[in-house]
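K.L.:
Quick one: the structure is below, and I'll ask about it shortly.
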Amino acid sequence: MNITVIFNPTAGGGRDRRLRHFIRTLEQGGARVRLYHTRSPGDAIRYLKGLEDQGDCVVAAGGDGTVNEVLNGLRPGVALALFPIGTANVLAKELGLPRHPEAAAKVVLSGRSLPVTPATLNGRRFMVMCGVGYDAWVVDQVDLILKRRIGKLAYALSMIRQLARYGKVSYRVAVDGRPLDCFSAVITNGRYYGGSFVLSRQANIARAKLQVLLFQRSGVWFLLGCLVALMLGRLERRDGVASVSAEKVTVEVSRYLAGSEVRPVGEAAWPRPGPEPIQADGDPAGWLPAEIALENQAVLVRVPQ
Numbered sequence: 001m002n003i004t005v006i007f008n009p010t011a012g013g014g015r016d017r018r019l020r021h022f023i024r025t026l027e028q029g030g031a032r033v034r035l036y037h038t039r040s041p042g043d044a045i046r047y048l049k050g051l052e053d054q055g056d057c058v059v060a061a062g063g064d065g066t067v068n069e070v071l072n073g074l075r076p077g078v079a080l081a082l083f084p085i086g087t088a089n090v091l092a093k094e095l096g097l098p099r100h101p102e103a104a105a106k107v108v109l110s111g112r113s114l115p116v117t118p119a120t121l122n123g124r125r126f127m128v129m130c131g132v133g134y135d136a137w138v139v140d141q142v143d144l145i146l147k148r149r150i151g152k153l154a155y156a157l158s159m160i161r162q163l164a165r166y167g168k169v170s171y172r173v174a175v176d177g178r179p180l181d182c183f184s185a186v187i188t189n190g191r192y193y194g195g196s197f198v199l200s201r202q203a204n205i206a207r208a209k210l211q212v213l214l215f216q217r218s219g220v221w222f223l224l225g226c227l228v229a230l231m232l233g234r235l236e237r238r239d240g241v242a243s244v245s246a247e248k249v250t251v252e253v254s255r256y257l258a259g260s261e262v263r264p265v266g267e268a269a270w271p272r273p274g275p276e277p278i279q280a281d282g283d284p285a286g287w288l289p290a291e292i293a294l295e296n297q298a299v300l301v302r303v304p305q
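Under full-length UniProt numbering, think of the first position of the sequence shown as 1, with each following residue one higher.
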C-alpha cells in the first residue's frame with residue numbers, strides 16, 4: 001500500500017513517539033509511507049489538494065479536527081484511515097478504532113473498508129457532527145492553549161462559562177423542509193459526543209441519514225438537566241429535546257432575547273449582536289445561516305475486521 005500520513009503535532013499535546021511506532025508498523029507491513037506535519041489550520045487541506053497522487057489511503061493522525069481537514073482534502077476513491085491521538089476522538093470511538101500505535105496500523109493494513117456518507121455544512125464536509133447555539137459557543141470560546149495543556153477539561157471550563165448565554169437566542173431549523181424552533185441544535189452522523197457520551201441512540205454512522213437533536217426549552221436548569229441526561233445516555237428521552245432524522249437541514253437565527261423581551265431578527269429597535277458561530281467535528285466552522293446536507297457518495301473508512 002501507498003499511504004499518506006497527515007500528522008497534527010498539536011493534537012492531544014503532541015504524540016511523536018507513538019507516531020514513530022505507528023509508521024514503523026506500517027512499513028514493517030510492507031507499506032510505503034509519506035509523512036506530512038501540519039503547520040496551521042487548513043494546512044492539511046492545502047497539502048492534500050496539491051498532491052497528484054495521494055496513495056491508496058490517507059491517515060489522519062490527530063483528533064476529529066484533523067480528520068475533518070483530511071476529509072476535505074481527500075480525493076475520490078482514496079480511503080480514509082485514523083490514528084486517533086486527539087482530545088476527544090469521537091469518530092474513532094464511533095468506529096471502534098484502537099488508539100495503540102501497532103493496533104491502529106494493523107487496521108490500516110488489514111482492516112476492512114466501511115462506506116460512510118459525510119455531510120456538508122455550507123459546502124464544507126464533516127463526518128461526525130455540527131452544532132449551533134450552546135454547543136457552538138463552547139467550541140468557539142474554548143481556550144486552545146489550555147486545551148493543549150489539560151485536554152477535555154478546557155471544554156468543561158468553556159461549558160461553564162457559556163451556561164448563562166443559553167436561551168438568549170432562538171433558531172429556526174428546517175428539517176427536510178419542516179420548520180422547527182429551538183434554542184440549540186446538534187446535527188449528528190453518529191451516536192457519540194465528546195468522546196464516550198451517547199448523544200443519540202437513533203443515529204448510525206453507517207446509515208446515510210442525519211439525526212437532528214433540538215433543544216426546545218430555554219433556561220439554565222433545563223440545559224443542566226440535558227447535560228446530566230447526556231452523561232447517562234438518556235438525552236433523547238428528556239422532555240424538551242426532540243430527535244428527528246433528516247437528509248437536509250437549514251438553520252438560521254430566529255429571535256434574540258433582550259431582557260425579558262424577545263424581538264425578531266432585524267428589528268430596528270434591537271441592536272443585533274455579533275454573528276452566531278457553528279461548530280463542525282469539534283472545531284469552529286463559520287457562521288449562520290447554515291445549509292447542511294448528506295453527500296451523494298460515501299467515503300471508504302478503514303475499520304477493524
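All C-beta atoms, glycine included, are put in the ideal place defined by N, C-alpha and C.
(1) Can you list, in chain order, the residues of its chain with a C-beta nearer than 6 Å to that of Ile45? Leave out the 5 residues immediately preceding and following it.
(2) With distances taken between CB atoms, is the gap from Phe126 to Ala280 smaller than 8 Å?
(3) Is Ser196 helix, strand or coil when you go by DSSP?
(4) Counting only runs of 3+ residues fully inside the region 211-290, write out the beta strand (DSSP E) ranges in chain order.
(5) Rounded to the nearest angstrom, what separates Ser245 and Gly219 at their Cα positions?
(6) Going by other Cβ atoms of all chains shown within 10 Å of its Cβ, with 16 needed for buried, is Asn2 buried or exposed?
(7) Going by DSSP in three states, Pro9 sits in which element: helix, strand or coil?
(8) Given that a residue counts as buried once 16 or more other Cβ atoms are within 10 Å of its Cβ, and exposed if not, what is Glu276?
(9) Buried or exposed: Val228, going by 16 or more other Cβ atoms within 10 Å of its Cβ?
(10) Tell me which same chain residues have a C-beta within less than 7 Å of the C-beta of Cys226, skipping the five on either side of it?
(11) Mind checking Glu94: buried by the 16 CB within 10 Å criterion, or exposed?
(12) Counting pairs of beta carbons, one from the region 150-168 and one from the region 96-112, are three or more of them closer than 8 Å?
(13) Helix, strand or coil for Leu19 per DSSP?
(14) To the nearest angstrom, how far is the alpha carbon of Glu267 from that of Ala290?
(15) Within the continuous alpha helix (DSSP H) that includes Asp43, where are the two ends?
P.N.:
This is what the structure holds:
(1) Glu69, Asn72 and Gly73
(2) Yes. Within cutoff.
(3) coil
(4) 241-246, 248-258, 261-264, 277-280 and 283-287
(5) 25 Å
(6) exposed
(7) In the three-state reduction of the DSSP assignment, Pro9 falls in the coil class.
(8) Counting C-beta atoms within 10 angstroms of its own C-beta, Glu276 has 16 or more neighbours from the protein chains shown and is therefore classed as buried.
(9) exposed
(10) Phe215, Leu235, Arg238 and Val241
(11) buried
(12) Taking 8 Å as the limit for Cβ pairs, the verdict is that the region 96-112 does not touch the region 150-168.
(13) helix
(14) Residue placement at Glu267 is flagged as unreliable, the pLDDT there being 44, under the threshold of 50; a coordinate-derived value is accordingly withheld.
(15) Asp43 to Lys49
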